[in-house]
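What follows is a set of notes on a single structure, which appears directly below.
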Amino acid sequence: MVKHASKTSVHQLAKEYASIIKGKTILTTGASPGGLGALFVEAIAVSEPALCILAGRSVEKLQQTASTLSSKHPNLKTKLLTLDLSSLSSVRSAAEKVKGWSDVPKIDVLVNNAGIMATDFKLTEDGFESQFASNHLGHFLFTNLVMDKILASEEPRVVSVSSNGHRLGPIRWGDPNFSNGDLYNKWSAYGQSKTANMLFAISLAEKLGSRGLQAYSLHPGAVLDTSLANHLGNLDSLVEADRAMGDPWGWVDWSTVPVTPEVGAATHVYAAFDPDLKEHNGAYLNDCRLADSFTDTVRPWATSSTEAELLWRLTKATSSQPPRNEPAAEEPTTCRECRRRKVKCDGVMPVCTICRKQLTLLEERLEKAETVLRRHYTDSQIAEMLEGPKEGLITQNKAPEATPQMTEPTPAPTLAQTPGLVSLPATTPGADNLMHLPTPTTDPGLYLAGQANIANLTADPFLLAPIGELEASAGFWAGSQDVPFEIAPATADDFEWNEQETSWGTYDPASWSITNHVDGNPSQAIMDGMASLTIGDQKRGYYGAASGSALLRQILSARPDGQEVDADVALHEIESLFQQHSDHSQWFRSQAMLTRVAVENLIDAFFVFYHPTFPIVHEPTFRAQYAGTLPCANKGHWNTLANILAALGSFASSNVADATDLPIFQAAQKSLFSNYLEVGNLTIVQAFSLSSNYMQKRNKPNTGFNYGGLAIRLAIGLGLHKDLEGNSLSPLQSETRRRIWWCLCVLDVGATITYGRPLNWPQAGVETAFPQNIHEKDLTHDSTHCPPEVEGITMYTYIRVQSAYHLSTMTVYNRLITSPFPSATELITLDDVCIGSWLAQVPYYYRTVPPPDSEYALGMGISEWRYRNLRIVMYRPFLVRWARSSAQNTQQNLTSSENLAVFRCLDAAKESVTHIQGYWTSRSHSRLASFYILYFLFHATLIPVHCLRQNPHHALAPDWRSQIQASLSVMGGMTELNPNSSKCRDITLKLCWPHLDGDGTQTYSENPSFMPNVAETEAASIISGYNTWCESMTNAGISVPTYEWADENDSALGFF
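782 is the number that the UniProt record's numbering gives to position 782 of the sequence shown; each next residue is one higher, with no gaps.
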């Protein structure tokens, strides 16, 4: 690979590759004077290529380029090709012309360079948004039509000129035309087209790499002095677009960014001719090198093979349609609002100057009205007032959608179609002005402001994605009300709970439970801290549709149309599957006194096993207080905290599931409620926060939930949510407050989402910065200022990264727990904007695999697993129905967004299983890690379990079996650490045992011989409940997604 500096020019690099360029036939689109294409051709002309084909819209301009080339290189052969990429008929004509050139038997390199940037809204003659058509559709069609000549080369290459502007927008699956301009933003449209360029290169590499084709996409740099950018003027609109997306580019000094055309075009040469790129087929290039996803701007929506495949299929279907004979629709000369009001318009699109001024005045009035309202009403009251009319509209729309005509299959929309809209509900009050967002690297306000923007997408046409697919309407989910995403209480006290236990040491702590009486017989109902096994509907508290047990609960007990469970299948028979008590003799029953040495060892264990992940306590301060060298403000409160630390240390460090920690915590618990609710200090906040997490791990989720709520109220009462100006706190005191607050965020938000309950965390008014990314020992009581932040992993990196994740995804979660359930398009938009933007801002040093002995490995693992778990929860309803319909060979129409939802759910589950298996097999095992691993692993495993159960003969069935076997292996390896793992393992086996054989010939039957250690009635309950639930899921909606998987032998190009 040629060595070069970061500012290597196109001429320097062309000379380096002269021997490779010589004798090649090179076709370049967009070769008009003043652009990078012409500069690229001029540079490589020195190296004597056999033929340079210049393609462009204007013959006159191409002749100018050719004339310049012939004057400098008289022996250079050129051909001119008229090609208007915005017109599919012009593309077809140009391709036919190339194929008819008998003197051009091959094309060695095709450089798809032409494009337009950030132009006003316009539809092409074929009905496509102009940037998407010119930058992607035209190149896609032309490349495929001349592919025979490209593949005739010994070393064929296709180079697609993309941009880091892909950060500005993912593919709008279902509305690439921005609702015919009503939702148009020129930068979002540009971002969509550049994302498409990157995905096109990936598809070419995957489909034709086996035939020798190399394909790359590239970012030439911010070249602003070419014909492409002459019309832009100032970049205020770009800055605003970046800020709306939460991109750091919204805060850079743009005067320092641009590069010269000579430097920008150098990457063209690198992509077209570097011989060492073969190992990276399909890659995205930047600055004459492989783009680094850690340091460069590379968004996940532009690097996904899944989305590349979907885009290929959609573009293939769209561009292969016959050309439209009717004339293009006349472009409107007035904006939509002026047409509605029937007033004079100045013609500026999509919102004219007059309307924009009126909008500014309206915004000012709304701000004043909001101020007045907030003086008299709370945020929740205002939200209720705003949501009232919206609910009325939904109710009105339900009736017509329930008519028989609406239940008929509807053709899947093509890229040119623009469905209607269903608004996203606002969940976060108080959106801040985007122009006043703080710097993203130092302040969590960026994420909070971003949530406000996303929550108010209906007012922001730049970000709003189309929610108009078949399932998007309220009627889709109105027909799904028989599906028990949430179990309604049969009696008034069904959600009541009692987690008191007279003697904690008597039973296996993993089986702490509450007692139901079914048919007069007592039945122990399982309670687990991760809410994954809590499947019944009585005396357990409320667990929502997004909780861990939702999918399992549906599998085991759902019935269509409200029918009762079969009389011979009682609830206690299902619950009995999980009651596997261990020998009582192994449990620690009582301990009258702990020695000081024993307590010190347990506290040491806390700081070794628990503290590196959740550093809510400052270790040097605590140890100084323990040693007596630093006074305690309140000795009694400090003693309670010390006991809680010792209990957690005992729990986290034990290599078996013992109960040594129980009496220690029991002593601390008694003092917590003696008089602490009438006192407020940091020690009590720490005590309640850690107690909440401990109770969850000890399978008392509702008790822990209450403790967490108390911790939040105490923290707010102490002002931890504010960085107050002018305070006299020392640097350590200020940092301690921040660390406690954001540790509490990670602990409480994570637990709340686990239970599927509404968030307790305040989503407005939080103005405290993230903890500094420094090492704990570097900031002491004597420090007069904070040390500089570390460019690497510290004890506080996980808290910073995970807090940013929660702030970025609160809107996603709020939408998931709000009826009606969101459509696939809405979820994909939220995924790309919220999760995608967060992933892009994770520090590069936090994305590498830590060494096996790293104390920060668990936090890094949780970060990886948690966002994938959210994707599983988001997309699993679509996966469930797809699997069922696939098993029944149901042929129904589907939308591209539904396809992508199924894809993402399967991908997230597989990635979770793979990552967790690698973590478990490469590191020492701890009880704390097993708790989190089991939670995320069990959720992910249920996805391939369901798919295999429904379709054991599917092409992906071997992969599903592999995932399940890997999960069973990990679960089996942690039974000594986490008793719930054996229960999860048994559930997994009992659901898919007959189909784990490689041939997939066995099927479910009522014969319990397929089900190890399960009574006949228990087997029947699982089978009956699962089958009926799947039927209810299939019948719930208007249509059932059925994904058509890619054919490994795809001919790829034989469709024109």
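Glycine residues also receive a C-beta, built at the ideal position from the N, C-alpha and C atoms.
Keep in mind that this is a model prediction, so the values were computed, not measured.
Tell me residue i's beta-bridge partners as DSSP assigns them.
i: Q214; result: R157
i: E767; result: K722
i: E16; result: Looking at the DSSP assignment, E16 forms no beta bridge with any residue, so it has no partner.
i: V109; result: I26 and R157
i: E129; result: L123
Could you give the distance in angstroms between the alpha-carbon of residue i and the alpha-carbon of residue j?
i: E911; j: V873; result: 14 Å
i: S671; j: P979; result: 29 Å
i: D84; j: S153; result: 25 Å
i: L76; j: D103; result: 15 Å
i: T818; j: R876; result: 16 Å
i: S728; j: L677; result: 27 Å
i: H757; j: L690; result: Inspection of the sequence shows that residue 757 is occupied by Arg rather than by His. So the two alpha carbons sit approximately 20 Å from each other.
i: G636; j: E619; result: 19 Å
i: R815; j: Y184; result: 24 Å
i: D831; j: A196; result: 18 Å
i: I1023; j: N899; result: Bear in mind that a pLDDT of 40 at I1023, under 50, signals an unreliable position, so the number given afterwards is only what the model happens to contain. When rounded, the distance between both Cα atoms is 28 Å.
i: C355; j: L235; result: 22 Å
i: M1011; j: L948; result: Bear in mind that a pLDDT of 38 at M1011, under 50, signals an unreliable position, so the number given afterwards is only what the model happens to contain. Rounded to the nearest angstrom, the two C-alpha atoms are 16 Å apart.
i: Y610; j: L928; result: 7 Å
i: H139; j: M198; result: 12 Å
i: A271; j: C288; result: 8 Å
i: N693; j: I740; result: 14 Å
i: A38; j: T65; result: 7 Å
i: I964; j: V880; result: 17 Å
i: V59; j: K79; result: 11 Å
i: K72; j: E48; result: 12 Å
i: T8; j: E776; result: 43 Å
i: T267; j: A715; result: 53 Å
For residue i, which residues in the same chain have their Cβ closer than 8 Å to its Cβ, ignoring the five residues on either side in sequence?
i: R324; result: With a pLDDT of 46 at R324, under the threshold of 50, the modelled position of this residue cannot be trusted; read the value that follows with caution. Once the five neighbours on either side are set aside, the close Cβ partners of R324 are E125, D126 and G127.
i: S930; result: M974, L977, N978 and S981
Go through its chain and collect everything with a Cβ distance to residue i's Cβ below 6 Å, but skip five positions before and after it.
i: W249; result: D242
i: S981; result: L934, M971, M974 and T975
i: G209; result: N281
i: A205; result: A215, N281 and G282
i: P852; result: S922 and R923
i: K194; result: S162, S163, G165 and H166
i: P822; result: R815
Do residue i and residue j have their CB atoms nearer than 8 Å?
i: A909; j: P944; result: yes
i: A43; j: V269; result: yes
i: L141; j: L88; result: yes
i: T797; j: I835; result: no
i: V46; j: A14; result: yes
i: G165; j: S134; result: no
i: S160; j: S67; result: no
i: residue 1081; j: I644; result: Any property of residue 1081 remains undetermined from this structure, which presents the chain solely from 1 to 1056.
i: V649; j: L720; result: At residue 649 the sequence reads Gly, which differs from the Val that was named. Not a contact, by the Cβ cut-off of 8 Å.
i: L718; j: V746; result: no
i: T752; j: N760; result: yes
i: T28; j: V111; result: yes
i: P850; j: Y856; result: yes
i: F132; j: A189; result: yes
i: F178; j: E240; result: no
i: L779; j: L732; result: yes
i: L36; j: N113; result: yes
By Cβ distance below 7 Å, which residues in the same chain neighbour residue i in space, the five residues on each side in sequence not counted?
i: W638; result: Q625, C632 and T683
i: A667; result: N643
(Q) Quick check on the DSSP output: what are the complete alpha helix (DSSP H) runs of length 4 or more inside the segment 639 to 679, in order along the chain? (A) 661 to 672
Q) Hey, which unbroken runs of the beta strand (DSSP E) at 3 residues or more fall wholly within the segment 217 to 290? A) Counting only runs of 3+ residues, the beta strand (DSSP E) found wholly inside the segment 217 to 290 occupies 284 to 286, in chain order.
Q. In chain order, which continuous runs of the alpha helix (DSSP H) of length 4 or greater are located wholly inside the segment 50 to 106?
A. 59 to 72 and 88 to 99
Q | Ranges of the alpha helix (DSSP H) found wholly within the segment 902 to 987, counting only runs of at least 4 | A | 927 to 950 and 957 to 973
Q: May I have a chain-ordered list of the alpha helix (DSSP H) segments no shorter than 4 residues that lie completely inside the segment 701 to 750?
A: 701 to 717
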